[in-house]
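This report concerns only the one structure given below.
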Amino acid sequence: MTTLFDPSRIPTLQQQERIRPWSKRTKKFDVTVALAVIVPLLIVVAMFQFSDIPDALVMVIYLPLQLIASGIAASLTKGKRGIGDSIIIVNAIGASIFSFVVIISVIWSLLSHGLKALSIPFLTQNSTYISPSTPLEYGGIAHAALGTLLIVAISALIAVPIGIATAIYITEVRGKAVPYVRFFVQSMSGVPSVVAGLFILTTLILTGAINTSAFAGGLAYAILMLPTVARTAEEVLRLVPDDLRTGALALGSTRARTVFQVVLPAAKTGIVTAIILGVARVIGETAPLLMTAGKNDATVTNPFSDPISTLPVSIFENVAQPYPDAVTRAWGSALILMVLVAILFTTARLIGRNKVK
0 MTTLFDPSRI
10 PTLQQQERIR
20 PWSKRTKKFD
30 VTVALAVIVP
40 LLIVVAMFQF
50 SDIPDALVMV
60 IYLPLQLIAS
70 GIAASLTKGK
80 RGIGDSIIIV
90 NAIGASIFSF
100 VVIISVIWSL
110 LSHGLKALSI
120 PFLTQNSTYI
130 SPSTPLEYGG
140 IAHAALGTLL
150 IVAISALIAV
160 PIGIATAIYI
170 TEVRGKAVPY
180 VRFFVQSMSG
190 VPSVVAGLFI
200 LTTLILTGAI
210 NTSAFAGGLA
220 YAILMLPTVA
230 RTAEEVLRLV
240 PDDLRTGALA
250 LGSTRARTVF
260 QVVLPAAKTG
270 IVTAIILGVA
280 RVIGETAPLL
290 MTAGKNDATV
300 TNPFSDPIST
310 LPVSIFENVA
320 QPYPDAVTRA
330 WGSALILMVL
340 VAILFTTARL
350 IGRNKVK
């Protein structure tokens, strides 16, 4: 009797992994790939340190070096499939290492320069009675940190409801204007930050409608935050299963009730992520604040009356000063701002991970 189907002959996942062409890696292949990644980086580092070649030109030279190294690695691997695999692997690993080195360099620069400014007075005082040449022991950035948080809060209060409402209209209402709304939102994503600040300056501040204040800065930030919140919330709402919608409608629920009691609760973690990403998008912008929020060395709590200082503007002003202490203050402000951004992105990452689980 002939057996037409033998389940024992079906390869397991481990066996399938072993028979895939790209999984046939030898020690020679790994060493070749490692050298193809490391050697161009070492050459570039040596050129940075020991040559007079401009830094921009060195960065331009890196890409051809990496391509040449990947080609050599491909020629040393066996088989036609190995050539394509080695080129992809070398370039992918090289790009990853290069990005990692850049990130570590930025973090190291912030820590090595910014930690010199950190102290209790730096975190708790304002800069009312100091000048750019004042020693680091006096004055701080508490007023600028408060101004940044105040402006971000105002922008979130404006942009988040509008962004979520826009996402609901695109995904749930699906009216005739959806293509135009989506095009408008996508177009806003490319608006330069300085244009947002200039718009608020010319239409509201110069006309006397509002003062240079935290509220004006919040309006400029809201223009930049809105497309990020709307597009991210739209993608999140699309992930909600249609079975939840149809089930609620089948039970007699209205469309509005379905949206607010079924769809939004199901997508709440993703919406929170959209809000955090929107805040992280604008928290470091400087250009709109120079024209809308202004500068104030004192601590301001009224968001409508007076100009207010922020961390980005504080960095912009101090880094241009000829005094070492002022530049150190700029590094300290940049470190605090980076910590705030890192907290926001980490929070968004954790929320997204919990959603997947």
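As numbered in numbering that gives the first Met the number 0, the sequence shown has no gaps in its residue numbers, which increase by one up to the final residue, 356.
Using N, Cα and C, we set each Cβ at its ideal position, and we do this for glycine too.
Just so we're clear, the structure is a prediction, and the values are computed from it rather than from any experiment.
query                                                                                                                                                                    : result
Considering only C-alpha positions, which residue in the set T165, A255 and F49 is nearest to V228?                                                                      : T165
By a C-beta neighbour count over all protein chains shown, 10 Å radius and 16 as the cutoff for buried, is V101 buried or exposed?                                       : exposed
If we count the other Cβ atoms within 10 Å of its Cβ and call it buried at 16 or more, is Y128 buried or exposed?                                                        : exposed
Quick check: S69 and A35, are their CB atoms within less than 7 Å of each other?                                                                                         : yes
Can you find the residues in the same chain that come closer than 7 Å, C-beta to C-beta, to A176, ignoring five residues on each side of it along the sequence?          : none
Can the beta-carbon of T309 be found closer than 7 Å to that of A219?                                                                                                    : no
Give a yes or no on contact between the segment 270 to 278 and the segment 181 to 194, applying the rule of three or more CB pairs nearer than 8 Å.                      : no
N301 lies in the alpha helix (DSSP H); which residues open and close that run?                                                                                           : Note, N301: premise wrong, no alpha helix (DSSP H); not H, not E.
Would you mind sorting I342 into buried or exposed? The rule is 16 or more other CB atoms within 10 Å of its CB.                                                         : exposed
When DSSP labels each residue in this structure, what does N90 get in the three-state scheme?                                                                            : helix
Applying the 10 Å Cβ sphere with the 16-neighbour rule, what's the burial state of P20?                                                                                  : Per-residue confidence for P20 stands at a pLDDT of 48, beneath the threshold of 50, marking its modelled position as unreliable; the derived number appears in the next sentence. The residue is exposed, with fewer than 16 neighbouring Cβ atoms inside 10 Å.
Which of the three DSSP states is assigned to I119 in this structure?                                                                                                    : helix
Since D305 and S126 should fall inside the 8 Å C-beta cutoff, what is the C-beta to C-beta distance between them, to a whole number of angstroms?                        : Actually they are not in contact, since the Cβ atoms of D305 and S126 sit about 15 Å apart, beyond 8 Å.
Skipping 5 residues on each side, what residues in its chain have a beta carbon closer than 8 Å to that of D54?                                                          : F47
For R237, I'd like the list of residues in its chain whose CB is within less than 8 Å of its CB, leaving aside the five on either flank, ordered along the chain.        : T170
Mapping DSSP to helix, strand and coil, what is Y220?                                                                                                                    : helix
Using a Cβ distance threshold of 8 Å, determine whether the segment 324 to 333 contacts the segment 109 to 117, with at least three qualifying pairs required.           : yes
What's the C-alpha gap between I153 and T285?                                                                                                                            : 16 Å
Using the beta-carbon count (16 or more within 10 Å), is I106 buried or exposed?                                                                                         : exposed
Drop a sphere of 10 angstroms on the beta-carbon of V89, count the other beta-carbons inside from all chains shown, and report buried for 16 or more, exposed for fewer. : buried
Hey, would you say the C-beta of V299 is under 6 Å away from at least one heavy atom of the ligand COA?                                                                  : As presented, the structure is devoid of all ligands, the ligand COA included, so that no description of it is given.
What separation, rounded to the nearest whole angstrom, lies between the Cα atoms of A265 and A247?                                                                      : 13 Å
Only counting the same chain, and skipping five residues up and downstream in sequence, which positions put a Cβ closer than 7 Å to that of A273?                        : V228, T231, A232 and V235
Would you check if the distance between the CB atom of A215 and the CB atom of I222 is smaller than 7 Å?                                                                 : no
Terminal residues of the continuous alpha helix (DSSP H) containing V57?                                                                                                 : D54 to L75
When we look at the beta-carbon of L41 and count the other beta-carbons within 10 Å, is it buried (16 or more) or exposed?                                               : exposed
Give the straight-line distance between the Cα atoms of G162 and L263, rounded to the nearest whole angstrom.                                                            : 13 Å
Indicate the three-state DSSP secondary structure (helix, strand or coil) for I150 in the structure shown.                                                               : helix
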